[in-house]
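Structure, as C-alpha coordinates:
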Amino acid sequence: MSSSASLPEKLAQLASYFEQHGNYIYKGKSPENSSPLYAYLSQQVSRDPDLLALLVNVDTSTTVTNLFFSAVHFLLFKQPAHPLAEFYPDLTAQPRPPHESYPPFRAFCLEHKEELIHLVTTRPVQINEVRRCSALALALCVLGQRLQGQPLALVEIGTSAGLHLLWDTYAYDYGEGRSLGLQSSPVRIVSAFEGSFPIPVKQPFPLVASRVGLDLNPLDVHNEDDVLWLRALLWPEHRDSQQLLQSAIEVARQHTLTLVRGDASMTLPQVIEAIPRDRALCIYHSYTLNQVPRQIRKNILDQILQHAQQRDLYRIEQEGYSFQQSPSLLLHTYQNGQMRSEHLASCESRGRWIKWQATQVK
(Lines of atoms letter the chains of each structure in order from A and count residues from 1; the text may use other names and numbers.)
(Lines give C-alpha, C1' and ligand atoms only; values in the text may rest on other atoms or scores of the structure.)
Protein backbone atom coordinates (compact mmCIF):
# COMPACT_ATOMS: atom_id res chain seq x y z
CA MET A 1 0.00 0.00 0.00
CA SER A 2 1.34 3.42 -0.87
CA SER A 3 3.29 4.90 2.04
CA SER A 4 2.17 8.37 0.92
CA ALA A 5 -1.51 7.61 1.50
CA SER A 6 -3.03 8.84 4.74
CA LEU A 7 -4.49 6.38 7.24
CA PRO A 8 -8.10 7.29 6.31
CA GLU A 9 -7.24 6.76 2.63
CA LYS A 10 -5.69 3.37 3.36
CA LEU A 11 -8.71 2.27 5.38
CA ALA A 12 -11.08 3.43 2.64
CA GLN A 13 -9.10 1.50 0.03
CA LEU A 14 -9.13 -1.65 2.15
CA ALA A 15 -12.86 -1.26 2.82
CA SER A 16 -13.44 -1.08 -0.94
CA TYR A 17 -11.44 -4.28 -1.51
CA PHE A 18 -13.47 -6.21 1.03
CA GLU A 19 -16.77 -4.86 -0.25
CA GLN A 20 -15.92 -5.81 -3.86
CA HIS A 21 -14.81 -9.29 -2.90
CA GLY A 22 -17.90 -9.78 -0.78
CA ASN A 23 -20.14 -8.76 -3.68
CA TYR A 24 -18.35 -10.54 -6.50
CA ILE A 25 -15.47 -12.92 -5.76
CA TYR A 26 -16.79 -14.85 -2.78
CA LYS A 27 -20.39 -14.97 -3.98
CA GLY A 28 -19.31 -16.66 -7.20
CA LYS A 29 -21.58 -18.04 -9.90
CA SER A 30 -21.90 -21.53 -8.45
CA PRO A 31 -21.53 -23.27 -5.07
CA GLU A 32 -18.24 -24.78 -6.26
CA ASN A 33 -16.77 -21.33 -6.86
CA SER A 34 -18.10 -19.40 -3.90
CA SER A 35 -17.73 -19.00 -0.16
CA PRO A 36 -20.87 -17.87 1.66
CA LEU A 37 -18.84 -17.47 4.85
CA TYR A 38 -16.21 -15.22 3.29
CA ALA A 39 -18.86 -13.29 1.33
CA TYR A 40 -20.61 -12.39 4.57
CA LEU A 41 -17.43 -11.70 6.54
CA SER A 42 -16.08 -9.47 3.76
CA GLN A 43 -19.08 -7.19 4.00
CA GLN A 44 -18.72 -6.94 7.76
CA VAL A 45 -14.96 -6.33 7.69
CA SER A 46 -15.43 -3.57 5.10
CA ARG A 47 -17.32 -1.61 7.77
CA ASP A 48 -14.97 -2.38 10.68
CA PRO A 49 -12.04 0.09 11.01
CA ASP A 50 -10.51 -1.93 13.87
CA LEU A 51 -9.99 -4.99 11.68
CA LEU A 52 -9.06 -3.00 8.58
CA ALA A 53 -6.34 -1.35 10.65
CA LEU A 54 -4.61 -4.73 10.97
CA LEU A 55 -3.92 -4.59 7.23
CA VAL A 56 -2.61 -1.07 6.64
CA ASN A 57 0.96 -2.31 6.06
CA VAL A 58 0.03 -5.08 3.63
CA ASP A 59 1.18 -4.81 0.02
CA THR A 60 -2.06 -4.35 -1.90
CA SER A 61 -0.59 -5.76 -5.10
CA THR A 62 -1.55 -9.09 -3.53
CA THR A 63 -5.12 -10.17 -2.80
CA VAL A 64 -5.54 -8.63 0.63
CA THR A 65 -8.88 -10.25 1.35
CA ASN A 66 -7.63 -13.77 0.64
CA LEU A 67 -4.48 -13.08 2.63
CA PHE A 68 -6.42 -11.91 5.69
CA PHE A 69 -8.95 -14.74 5.67
CA SER A 70 -6.17 -17.27 5.10
CA ALA A 71 -4.27 -15.93 8.10
CA VAL A 72 -7.37 -16.33 10.28
CA HIS A 73 -7.97 -19.80 8.82
CA PHE A 74 -4.34 -20.76 9.56
CA LEU A 75 -4.62 -19.78 13.23
CA LEU A 76 -8.02 -21.44 13.52
CA PHE A 77 -6.61 -24.75 12.26
CA LYS A 78 -4.38 -24.62 15.33
CA GLN A 79 -7.33 -23.90 17.64
CA PRO A 80 -10.19 -26.05 16.32
CA ALA A 81 -12.03 -25.86 19.65
CA HIS A 82 -12.50 -22.09 19.37
CA PRO A 83 -16.17 -21.04 18.90
CA LEU A 84 -15.31 -19.51 15.52
CA ALA A 85 -14.52 -22.99 14.15
CA GLU A 86 -18.24 -23.80 14.37
CA PHE A 87 -18.75 -21.69 11.21
CA TYR A 88 -16.04 -23.31 9.08
CA PRO A 89 -17.25 -26.28 6.98
CA ASP A 90 -13.76 -27.79 6.90
CA LEU A 91 -13.58 -27.72 10.71
CA THR A 92 -17.02 -29.00 11.63
CA ALA A 93 -19.52 -31.41 10.10
CA GLN A 94 -22.49 -29.10 10.77
CA PRO A 95 -21.40 -25.47 10.36
CA ARG A 96 -23.50 -22.70 11.82
CA PRO A 97 -24.97 -20.09 9.41
CA PRO A 98 -22.58 -17.34 8.23
CA HIS A 99 -24.82 -14.49 9.38
CA GLU A 100 -24.09 -15.44 13.00
CA SER A 101 -20.32 -15.56 12.52
CA TYR A 102 -19.12 -12.00 12.87
CA PRO A 103 -19.02 -11.52 16.65
CA PRO A 104 -16.80 -14.61 17.22
CA PHE A 105 -14.78 -13.76 14.09
CA ARG A 106 -14.10 -10.24 15.29
CA ALA A 107 -13.24 -11.45 18.78
CA PHE A 108 -10.84 -14.06 17.38
CA CYS A 109 -9.07 -11.46 15.23
CA LEU A 110 -8.63 -9.03 18.10
CA GLU A 111 -7.46 -11.83 20.41
CA HIS A 112 -4.80 -12.77 17.87
CA LYS A 113 -4.03 -9.28 16.60
CA GLU A 114 -0.23 -9.54 16.72
CA GLU A 115 -0.15 -13.01 15.17
CA LEU A 116 -2.40 -11.87 12.34
CA ILE A 117 -0.30 -8.79 11.63
CA HIS A 118 2.80 -10.99 11.51
CA LEU A 119 1.18 -13.47 9.11
CA VAL A 120 -0.23 -10.90 6.68
CA THR A 121 3.10 -9.08 6.48
CA THR A 122 5.30 -12.18 6.11
CA ARG A 123 3.17 -14.80 4.31
CA PRO A 124 2.10 -14.19 0.69
CA VAL A 125 -0.93 -15.63 -1.08
CA GLN A 126 0.46 -18.81 -2.70
CA ILE A 127 -2.49 -21.01 -3.53
CA ASN A 128 -1.64 -24.38 -5.07
CA GLU A 129 -5.07 -25.14 -6.53
CA VAL A 130 -4.18 -28.58 -7.88
CA ARG A 131 -7.24 -28.81 -10.12
CA ARG A 132 -5.81 -26.03 -12.32
CA CYS A 133 -3.47 -28.71 -13.67
CA SER A 134 -6.46 -29.88 -15.75
CA ALA A 135 -5.78 -27.00 -18.15
CA LEU A 136 -1.99 -27.11 -17.83
CA ALA A 137 -1.92 -30.80 -18.77
CA LEU A 138 -3.88 -30.20 -21.99
CA ALA A 139 -1.71 -27.23 -22.98
CA LEU A 140 1.46 -29.25 -22.41
CA CYS A 141 0.08 -32.19 -24.39
CA VAL A 142 -0.74 -29.88 -27.31
CA LEU A 143 2.77 -28.48 -27.10
CA GLY A 144 4.21 -31.99 -26.82
CA GLN A 145 2.53 -32.99 -30.09
CA ARG A 146 4.26 -30.12 -31.87
CA LEU A 147 7.63 -30.91 -30.32
CA GLN A 148 7.54 -34.47 -31.72
CA GLY A 149 9.37 -36.10 -28.85
CA GLN A 150 11.70 -33.27 -27.83
CA PRO A 151 11.92 -33.31 -24.01
CA LEU A 152 10.47 -30.43 -22.02
CA ALA A 153 12.27 -28.24 -19.51
CA LEU A 154 9.47 -26.83 -17.35
CA VAL A 155 9.90 -23.62 -15.34
CA GLU A 156 7.03 -22.39 -13.17
CA ILE A 157 6.83 -18.81 -11.95
CA GLY A 158 5.01 -18.60 -8.61
CA THR A 159 5.35 -22.27 -7.81
CA SER A 160 4.34 -22.19 -4.13
CA ALA A 161 5.06 -25.80 -3.05
CA GLY A 162 5.68 -27.00 -6.60
CA LEU A 163 2.57 -29.17 -6.85
CA HIS A 164 1.86 -28.06 -10.44
CA LEU A 165 5.35 -29.18 -11.45
CA LEU A 166 4.20 -32.75 -10.82
CA TRP A 167 1.25 -32.46 -13.21
CA ASP A 168 2.30 -35.63 -15.08
CA THR A 169 2.00 -37.79 -11.94
CA TYR A 170 -1.76 -37.12 -11.66
CA ALA A 171 -4.83 -38.76 -13.21
CA TYR A 172 -7.26 -36.63 -15.24
CA ASP A 173 -10.92 -37.23 -16.06
CA TYR A 174 -12.56 -34.83 -18.53
CA GLY A 175 -15.81 -36.79 -18.80
CA GLU A 176 -17.25 -38.94 -21.60
CA GLY A 177 -14.43 -41.44 -21.29
CA ARG A 178 -11.70 -38.84 -21.87
CA SER A 179 -8.92 -39.65 -19.45
CA LEU A 180 -5.24 -38.81 -19.32
CA GLY A 181 -2.31 -39.51 -17.06
CA LEU A 182 -1.46 -42.07 -14.44
CA GLN A 183 -4.86 -43.58 -13.62
CA SER A 184 -3.49 -45.27 -10.48
CA SER A 185 -2.44 -41.90 -9.05
CA PRO A 186 -3.92 -40.90 -5.67
CA VAL A 187 -4.49 -37.46 -7.23
CA ARG A 188 -7.53 -37.67 -9.51
CA ILE A 189 -8.53 -34.40 -11.15
CA VAL A 190 -12.03 -34.18 -12.60
CA SER A 191 -12.83 -31.30 -14.94
CA ALA A 192 -15.84 -30.82 -17.21
CA PHE A 193 -14.75 -30.32 -20.81
CA GLU A 194 -16.60 -28.50 -23.60
CA GLY A 195 -15.45 -28.34 -27.20
CA SER A 196 -13.30 -30.49 -29.46
CA PHE A 197 -10.85 -32.51 -27.37
CA PRO A 198 -7.42 -31.40 -28.63
CA ILE A 199 -5.45 -34.63 -28.29
CA PRO A 200 -6.05 -38.39 -28.65
CA VAL A 201 -7.59 -39.90 -25.51
CA LYS A 202 -5.04 -41.67 -23.30
CA GLN A 203 -2.16 -40.16 -25.27
CA PRO A 204 1.08 -40.45 -23.26
CA PHE A 205 2.32 -37.26 -21.68
CA PRO A 206 5.35 -35.53 -23.20
CA LEU A 207 8.67 -36.29 -21.53
CA VAL A 208 9.68 -33.75 -18.88
CA ALA A 209 13.48 -33.67 -18.65
CA SER A 210 13.64 -31.08 -15.87
CA ARG A 211 11.33 -29.01 -13.73
CA VAL A 212 12.15 -25.90 -11.70
CA GLY A 213 9.85 -23.72 -9.61
CA LEU A 214 10.45 -20.05 -8.77
CA ASP A 215 8.87 -18.33 -5.79
CA LEU A 216 9.59 -15.49 -3.38
CA ASN A 217 8.97 -17.93 -0.56
CA PRO A 218 8.79 -21.58 -1.69
CA LEU A 219 6.75 -23.80 0.59
CA ASP A 220 8.11 -27.10 1.90
CA VAL A 221 5.70 -30.05 1.85
CA HIS A 222 7.68 -31.54 4.75
CA ASN A 223 7.16 -28.44 6.92
CA GLU A 224 4.03 -28.56 9.09
CA ASP A 225 3.36 -24.80 9.07
CA ASP A 226 3.91 -24.54 5.30
CA VAL A 227 1.42 -27.34 4.70
CA LEU A 228 -1.03 -25.70 7.08
CA TRP A 229 -0.65 -22.43 5.16
CA LEU A 230 -1.44 -24.24 1.90
CA ARG A 231 -4.59 -25.64 3.50
CA ALA A 232 -5.55 -22.26 4.97
CA LEU A 233 -5.40 -20.61 1.54
CA LEU A 234 -8.31 -22.76 0.35
CA TRP A 235 -11.81 -21.53 1.07
CA PRO A 236 -13.43 -23.41 3.97
CA GLU A 237 -16.39 -24.70 1.93
CA HIS A 238 -14.13 -26.42 -0.62
CA ARG A 239 -13.61 -29.75 1.11
CA ASP A 240 -12.92 -31.53 -2.17
CA SER A 241 -10.05 -29.14 -2.86
CA GLN A 242 -8.67 -29.86 0.60
CA GLN A 243 -8.70 -33.60 -0.14
CA LEU A 244 -7.07 -33.06 -3.54
CA LEU A 245 -4.41 -30.86 -1.96
CA GLN A 246 -3.58 -33.43 0.69
CA SER A 247 -3.22 -36.16 -1.94
CA ALA A 248 -0.93 -33.95 -4.03
CA ILE A 249 1.19 -33.17 -0.96
CA GLU A 250 1.64 -36.89 -0.33
CA VAL A 251 2.79 -37.34 -3.94
CA ALA A 252 5.17 -34.36 -3.68
CA ARG A 253 6.76 -35.84 -0.57
CA GLN A 254 7.92 -38.74 -2.73
CA HIS A 255 9.79 -36.44 -5.14
CA THR A 256 12.71 -34.06 -4.89
CA LEU A 257 11.78 -30.74 -6.48
CA THR A 258 14.07 -27.87 -7.40
CA LEU A 259 12.45 -24.74 -5.95
CA VAL A 260 14.37 -21.47 -6.29
CA ARG A 261 13.79 -18.75 -3.70
CA GLY A 262 13.70 -15.11 -4.80
CA ASP A 263 12.09 -12.54 -7.07
CA ALA A 264 11.48 -14.23 -10.43
CA SER A 265 12.62 -11.08 -12.23
CA MET A 266 16.04 -11.72 -10.63
CA THR A 267 16.23 -15.53 -10.64
CA LEU A 268 14.67 -16.36 -14.01
CA PRO A 269 17.69 -15.43 -16.19
CA GLN A 270 20.06 -17.80 -14.36
CA VAL A 271 17.51 -20.62 -14.46
CA ILE A 272 16.95 -20.21 -18.20
CA GLU A 273 20.68 -20.04 -18.95
CA ALA A 274 21.25 -23.35 -17.13
CA ILE A 275 18.77 -25.27 -19.33
CA PRO A 276 20.43 -27.22 -22.18
CA ARG A 277 19.55 -26.08 -25.69
CA ASP A 278 18.37 -29.54 -26.73
CA ARG A 279 15.37 -29.19 -24.40
CA ALA A 280 12.18 -27.30 -25.21
CA LEU A 281 12.00 -24.56 -22.61
CA CYS A 282 8.44 -23.98 -21.40
CA ILE A 283 7.66 -21.33 -18.80
CA TYR A 284 4.34 -21.59 -16.96
CA HIS A 285 2.49 -19.24 -14.63
CA SER A 286 -0.99 -19.46 -13.13
CA TYR A 287 -2.63 -16.77 -10.99
CA THR A 288 0.80 -15.32 -10.27
CA LEU A 289 1.54 -12.37 -12.54
CA ASN A 290 -1.87 -10.92 -11.75
CA GLN A 291 -0.71 -10.56 -8.14
CA VAL A 292 2.62 -8.81 -8.67
CA PRO A 293 3.20 -5.08 -9.28
CA ARG A 294 2.81 -4.11 -12.92
CA GLN A 295 6.48 -3.12 -13.31
CA ILE A 296 7.72 -6.48 -12.01
CA ARG A 297 5.34 -8.25 -14.37
CA LYS A 298 6.72 -6.20 -17.26
CA ASN A 299 10.29 -6.97 -16.20
CA ILE A 300 9.62 -10.71 -16.20
CA LEU A 301 7.93 -10.69 -19.60
CA ASP A 302 10.67 -8.46 -21.05
CA GLN A 303 13.30 -10.91 -19.81
CA ILE A 304 11.51 -13.82 -21.45
CA LEU A 305 11.37 -11.89 -24.72
CA GLN A 306 15.05 -11.05 -24.40
CA HIS A 307 15.98 -14.72 -23.94
CA ALA A 308 13.80 -15.54 -26.94
CA GLN A 309 16.34 -13.65 -29.05
CA GLN A 310 18.84 -16.39 -28.19
CA ARG A 311 16.65 -19.52 -28.24
CA ASP A 312 13.12 -20.63 -29.07
CA LEU A 313 10.87 -21.12 -26.06
CA TYR A 314 7.24 -21.43 -24.98
CA ARG A 315 5.09 -19.86 -22.28
CA ILE A 316 1.78 -21.16 -20.94
CA GLU A 317 -0.33 -18.56 -19.17
CA GLN A 318 -3.41 -19.08 -17.02
CA GLU A 319 -4.12 -15.82 -15.25
CA GLY A 320 -7.19 -14.05 -13.94
CA TYR A 321 -6.77 -10.33 -14.46
CA SER A 322 -10.47 -9.54 -14.04
CA PHE A 323 -13.05 -10.99 -11.66
CA GLN A 324 -15.68 -10.35 -14.33
CA GLN A 325 -14.17 -12.79 -16.84
CA SER A 326 -13.07 -16.41 -16.77
CA PRO A 327 -9.30 -16.82 -17.02
CA SER A 328 -7.86 -17.67 -20.42
CA LEU A 329 -5.43 -20.47 -21.14
CA LEU A 330 -2.83 -19.04 -23.52
CA LEU A 331 0.10 -20.64 -25.31
CA HIS A 332 2.81 -18.20 -26.39
CA THR A 333 5.39 -19.44 -28.89
CA TYR A 334 8.66 -17.52 -29.18
CA GLN A 335 10.52 -18.31 -32.39
CA ASN A 336 13.27 -16.26 -34.02
CA GLY A 337 12.73 -13.57 -31.40
CA GLN A 338 9.03 -13.13 -32.25
CA MET A 339 6.06 -14.07 -30.07
CA ARG A 340 2.91 -15.70 -31.43
CA SER A 341 -0.01 -16.17 -29.03
CA GLU A 342 -2.86 -18.68 -29.10
CA HIS A 343 -5.99 -18.62 -26.98
CA LEU A 344 -6.53 -22.30 -26.20
CA ALA A 345 -9.43 -22.20 -23.77
CA SER A 346 -11.48 -20.39 -21.18
CA CYS A 347 -11.26 -21.99 -17.76
CA GLU A 348 -13.06 -21.92 -14.46
CA SER A 349 -10.73 -20.23 -11.99
CA ARG A 350 -10.15 -23.45 -10.05
CA GLY A 351 -10.06 -25.79 -13.03
CA ARG A 352 -13.54 -27.28 -12.61
CA TRP A 353 -14.39 -26.76 -16.28
CA ILE A 354 -12.63 -25.98 -19.54
CA LYS A 355 -14.13 -24.55 -22.75
CA TRP A 356 -11.71 -25.32 -25.57
CA GLN A 357 -11.68 -22.49 -28.14
CA ALA A 358 -8.26 -22.69 -29.80
CA THR A 359 -7.67 -19.54 -31.87
CA GLN A 360 -4.61 -17.52 -32.78
CA VAL A 361 -4.48 -14.17 -30.98
CA LYS A 362 -1.59 -12.57 -32.83
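255 is the number of the first residue of the sequence shown in this note's numbering; add one for each residue after it.
C-beta atoms are modelled at their ideal positions from N, C-alpha and C, and glycine is treated no differently.
| Pairwise C-alpha distance: GLY416 and VAL455 | Position 201 of the sequence shown, counting from 1, holds the residue named residue 455. Position 162 of the sequence shown, counting from 1, holds the residue named residue 416. Taking the straight line from one Cα to the other gives about 26 Å.
| field | Beta carbon of LEU295 nearer than 8 Å to that of SER355 | value | Numbered from 1 along the sequence shown, position 41 holds the residue referred to as residue 295. Numbered from 1 along the sequence shown, position 101 holds the residue referred to as residue 355. Going by C-beta atoms, LEU295 is nearer than 8 Å to SER355.
| field | Length at least 3, wholly inside the region 540 to 607: the beta strand (DSSP E) runs in chain order | value | 567 to 573, 582 to 589 and 592 to 601
| request: Can you check the region 407 to 471 for any beta strand (DSSP E) of at least 3 residues that lies completely inside it and give the ranges in chain order? | output: Taken in chain order, the unbroken stretches of beta strand (DSSP E) that lie wholly in the region 407 to 471 and span 3 residues or more are 425 to 427, 433 to 435, 442 to 444, 446 to 448 and 462 to 469.
| How many Å lie between ARG619 and LEU419 at the Cα? | In the structure displayed, the chain extends from 255 to 616; residue 619 sits before or after that span and is not available.
| Meets three-Cβ-pair contact criterion under 8 Å: the region 587 to 603 and the region 418 to 436 | Not touching, per the Cβ criterion.
| query | Between which two residues does the alpha helix (DSSP H) containing ARG400 stretch? | reply | Here residue 400 refers to the residue found at position 146 of the sequence shown. Per DSSP, ARG400 is one residue of the alpha helix (DSSP H) stretching across 387 to 401.
| field | Cβ pair count under 8 Å reaching 3, the region 349 to 364 against the region 394 to 408 | value | no
| request: Return helix, strand or coil for LEU330, following the three-state DSSP convention. | output: The count along the sequence shown starts at 1 and reaches residue 330 at position 76. In the structure shown, LEU330 sits in a helix (DSSP, three-state: H, G or I).
| Test item: CB-CB of VAL312 and VAL318 under 8 Å | Within the sequence shown, residue 312 is the residue found at index 58, counting from 1. Within the sequence shown, residue 318 is the residue found at index 64, counting from 1. Going by beta carbons, VAL312 and VAL318 fall inside the 8 Å limit.
| task | Using a threshold of 8 Å, state whether the C-beta atoms of ARG606 and ARG385 are closer than that. | result | The sequence position of residue 606 within the sequence shown is 352, counting from 1. The sequence position of residue 385 within the sequence shown is 131, counting from 1. Contact flag set, yes.
| request: Assign ALA393 to buried or exposed, taking buried as 16 or more other Cβ atoms, counted over all protein chains shown, within 10 Å of its Cβ. | output: As a first step, residue 393 is located in the sequence shown; it is residue number 139 there, counting from the start. Result: buried.
| message | Given this structure, state the Cα-to-Cα distance separating SER582 from HIS372, to the nearest angstrom. | response | As a working mapping, residue 582 is identified with position 328 in the sequence shown. As a working mapping, residue 372 is identified with position 118 in the sequence shown. Going by the C-alpha atoms only, they are around 34 Å apart.
| request: Take ALA518 and list the residues in its own chain whose beta-carbon comes closer than 6 Å to its own, dropping the five residues that flank it on each side. | output: Walking along the sequence shown from the start, residue 518 turns up at place 264. Once the five neighbours on either side are set aside, the close Cβ partners of ALA518 are ILE411, LEU468 and ILE554.
| field | Where ASN204 falls, given that 16 or more other Cβ within 10 Å makes a residue buried | value | No answer is possible for residue 204: it lies beyond the span of the chain, which begins at 255 and ends at 616.
| task | Please work out which residues of its chain come closer than 8 Å, Cβ to Cβ, to VAL525, disregarding the five sequence neighbours upstream and downstream, and give them in chain order. | result | Working through the sequence shown from its first residue, we reach residue 525 at position 271. Answer for VAL525: VAL409, VAL466, LEU468 and VAL514, listed in chain order.
| task | Run the CB neighbour count on PRO460, radius 10 Å, all protein chains shown included, and call it buried at 16 or more, exposed below. | result | As a working mapping, residue 460 is identified with position 206 in the sequence shown. The residue is buried, with at least 16 neighbouring Cβ atoms inside 10 Å.
| query | So, VAL374 versus PHE322, is the Cβ gap smaller than 8 Å? | reply | On the sequence shown, residue 374 is found 120 positions in, with the first residue counted as 1. On the sequence shown, residue 322 is found 68 positions in, with the first residue counted as 1. Yes, Cβ-Cβ distance for VAL374 and PHE322 is below 8 Å.
| Measuring CA to CA, which of LEU535, ASP422, LEU268 and TRP610 is closest to ASP304? | As a first step, residue 304 is located in the sequence shown; it is residue number 50 there, counting from the start. Selected option, being the one with the closest Cα: LEU268.
| Using the C-alpha atoms, what's the distance from THR314 back to GLN549? | Counting from 1 along the sequence shown, the entry for residue 549 is found at position 295. Counting from 1 along the sequence shown, the entry for residue 314 is found at position 60. Answer to the nearest angstrom: the Cα atoms are 14 Å apart.
| said: Please state whether the Cβ-Cβ distance between SER289 and PHE272 is less than 8 Å. | reply: In the sequence shown, the residue the question calls residue 289 occupies position 35. In the sequence shown, the residue the question calls residue 272 occupies position 18. Not in contact: SER289 and PHE272 (Cβ atoms no closer than 8 Å).
| field | Supposed close pair ARG350, GLU365 - CB separation, criterion 8 Å | value | Translated into the one-based positions of the sequence shown, residue 350 becomes position 96. Translated into the one-based positions of the sequence shown, residue 365 becomes position 111. About 19 Å separates the two Cβ atoms, so there is no contact after all.
| Just reading off the beta strand (DSSP E) that ARG493 is part of, what are its end residues? | Here residue 493 corresponds to residue number 239 of the sequence shown, with the count starting at 1. Unbroken run through ARG493 is the alpha helix (DSSP H), 493 to 506; no beta strand (DSSP E).
| said: Please report the distance separating the alpha-carbon of GLU573 from that of PRO452. | reply: Here residue 573 corresponds to residue number 319 of the sequence shown, with the count starting at 1. Here residue 452 corresponds to residue number 198 of the sequence shown, with the count starting at 1. Rounded to the nearest angstrom, the two C-alpha atoms are 21 Å apart.
| said: With DSSP as the reference, identify every bridge partner of LEU513, one or two as the case may be. | reply: Taking the first residue of the sequence shown as position 1, residue 513 is located at position 259. Looking at the DSSP assignment, LEU513 forms a beta bridge with GLY467.
| query | Quick one: Cα of TYR604 to Cα of GLN496, how far? | reply | For the purposes of this step, residue 604 is taken as residue 350 along the sequence shown, with counting starting at 1. For the purposes of this step, residue 496 is taken as residue 242 along the sequence shown, with counting starting at 1. Note on residue identity: the sequence assigns Arg, not Tyr, to residue 604. Using only the alpha carbons, I get a separation of about 13 Å.
| query | What are the boundary residues of the alpha helix (DSSP H) that SER519 is part of? | reply | If you number the sequence shown from 1, residue 519 lands on position 265. From DSSP, the alpha helix (DSSP H) with SER519 extends over 518 to 527.
| message | Taking only three categories from DSSP, how would you classify TRP610? | response | Here residue 610 refers to the residue found at position 356 when the sequence shown is read from its first residue. Note: TRP610 maps to strand in three-state DSSP.
| query | Per DSSP, what kind of secondary structure is ILE537 in: helix, strand or coil? | reply | Taking the first residue of the sequence shown as position 1, residue 537 is located at position 283. Strand.
| Does the beta-carbon distance from ILE381 to TYR541 come in below 8 Å? | In the sequence shown, the residue the question calls residue 381 occupies position 127. In the sequence shown, the residue the question calls residue 541 occupies position 287. In this structure, TYR541 lies closer than 8 Å to ILE381 by Cβ.
| request: Measure how close the beta-carbons of LEU567 and ILE537 come, nearest whole angstrom, since I'm counting them as under 8 Å. | output: Residue mapping note: residue 567 aligns to position 313 of the sequence shown, counting from 1. Residue mapping note: residue 537 aligns to position 283 of the sequence shown, counting from 1. With 8 Å as the limit, LEU567 and ILE537 qualify as a contact, their Cβ atoms being about 7 Å apart.
| task | Might you give, ordered along the chain, the residues of its own chain that have their beta carbon closer than 6 Å to the beta carbon of ARG533, omitting 5 neighbours on each side? | result | Position 279 of the sequence shown, counted from the first residue, corresponds to residue 533. Within the same chain, ARG533 has close Cβ partners PRO405, ALA407 and ALA463.
| message | Using only CA atoms, which one of LYS332, LEU499 and LYS552 lies nearest to SER414? | response | Counting from one through the sequence shown, the residue named residue 414 turns up at place 160. Nearest C-alpha to SER414: LEU499.
| From this set, TYR588, GLN508 and ASN320, which residue's C-alpha is nearest LEU370's C-alpha? | The count along the sequence shown starts at 1 and reaches residue 370 at position 116. For the residues TYR588, GLN508 and ASN320, the minimum Cα distance to LEU370 belongs to ASN320.
| Just checking my contact of SER324 with ALA486 at CB under 8 Å: how many whole Å lie between their CB atoms? | Here residue 324 is taken as the residue at index 70 of the sequence shown, counted from 1. Here residue 486 is taken as the residue at index 232 of the sequence shown, counted from 1. Contact flag correct, Cβ pair sits at about 5 Å.
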